[in-house]
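I have placed the structure first, in the form of structure tokens, so that the comments after it can refer back to it.
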Amino acid sequence: METREPSWTSGDRFADRSEAGALLGERLRHRAFTDPIVLGLARGGVVVGYEIARRLGAPMEVLVARKIGAPEHPEYAIGAVVESGLYHLDTRAIESLRVPEDLIDAELEAARREIRRRVAVYRLDLPLPRVKGRDVLLVDDGIATGETARVACRMLRDRGARKIVLVAPVCPAGITRAGTFPEASELVVLRHAENFRAVGDFYARFPAVSDEAVLLLASRGRAPNPPRADWQIQA
Numbered sequence: 022m023e024t025r026e027p028s029w030t031s032g033d034r035f036a037d038r039s040e041a042g043a044l045l046g047e048r049l050r051h052r053a054f055t056d057p058i059v060l061g062l063a064r065g066g067v068v069v070g071y072e073i074a075r076r077l078g079a080p081m082e083v084l085v086a087r088k089i090g091a092p093e094h095p096e097y098a099i100g101a102v103v104e105s106g107l108y109h110l111d112t113r114a115i116e117s118l119r120v121p122e123d124l125i126d127a128e129l130e131a132a133r134r135e136i137r138r139r140v141a142v143y144r145l146d147l148p149l150p151r152v153k154g155r156d157v158l159l160v161d162d163g164i165a166t167g168e169t170a171r172v173a174c175r176m177l178r179d180r181g182a183r184k185i186v187l188v189a190p191v192c193p194a195g196i197t198r199a200g201t202f203p204e205a206s207e208l209v210v211l212r213h214a215e216n217f218r219a220v221g222d223f224y225a226r227f228p229a230v231s232d233e234a235v236l237l238l239a240s241r242g243r244a245p246n247p248p249r250a251d252w253q254i255q256a
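Each residue of the sequence shown is one higher than the one before, starting from 22 at the first, in my numbering.
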């Protein structure tokens, strides 16, 4: 049976993360990259990143980062921390919301604990593969404030990545207009949304991604040519 790639126009919602990754993979597959590696931001970025890696014939690994949510509005990021310990705080948002310093410290510590847990589960405490001199495709399932992607890009830049291509299905239009990602060499996004509220609004199906799904995709993605994912993973 012939396998057809999903069709999509800029006004549609993505069926799910796998479809979004397939579309991004088709966008990127004919480009030339130097020793590429796909890093999927856990958890949702792993599902998107797997489909990209499969089409590029490149390995994929899990990168763990956590956003720091605002009090009363945890989905709104006021900062983020990545597995190396590097973090970034949106001081303007923190001052505007009057977030106490002790609460920020507590949130940072909680994020670091969860990062350690996820690195242990997803990578068995193994370090990230070498990125020095390589083209890195950093993938998430959407960019809202950009805090998580920003701090992850900085970590990869510090580790000597040759090029950092930040890849996501959707982001607010203002992010690309403002040029808010100087840490990334390039931003590849399918939809630049004017009325952006939440990443999940741009998907027909946007379930939580389990640790088990991340483990399965990560184990397969480490092969040079990742196989097609089981479609039981509806994420």
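Glycine residues also receive a C-beta, built at the ideal position from the N, C-alpha and C atoms.
Predicted, not measured: the structure shown is a model, and the values here were computed from it.
Between the alpha carbons of D56 and R155 lies a distance of about 5 Å. Counting the other Cβ atoms within 10 Å of the Cβ of R218 gives fewer than 16, which makes it exposed. The closest CA to that of R175, considering only E122, P150, G78, Y108, is found on Y108.
The C-beta of L147 has fewer than 16 other C-beta atoms within 10 Å across all chains shown, which makes the residue exposed.
Under the three-state reduction of DSSP output, R34 falls in the coil class, being neither helix nor strand. In the structure shown, the three-state DSSP call for G154 is coil. Taking the Cα positions, G100 is about 16 Å away from A63. Your pair T166 and A98 checks out as a contact, with CB atoms roughly 4 Å apart and the cut at 8 Å. Distance from the CA of E207 to the CA of L187, rounded to the nearest whole angstrom, comes to 6 Å. Straight across, the Cα-Cα distance linking V83 with L236 is about 9 Å. With contacts defined by Cβ atoms closer than 8 Å, V102 and L129 form a contacting pair. Linking R226 to F202 through their CA atoms gives a straight-line distance of about 28 Å. CA-CA distance, A170 to R139, rounds to 17 Å. Per DSSP, L107 lies in no beta strand (DSSP E) and is assigned neither H nor E. The three-state secondary structure of A79, taken from DSSP, is coil.
Annotation: the continuous alpha helix (DSSP H) that includes G242 extends over 232 to 242. Contact check for L177 against V152 passes: the beta carbons are separated by less than 8 Å.
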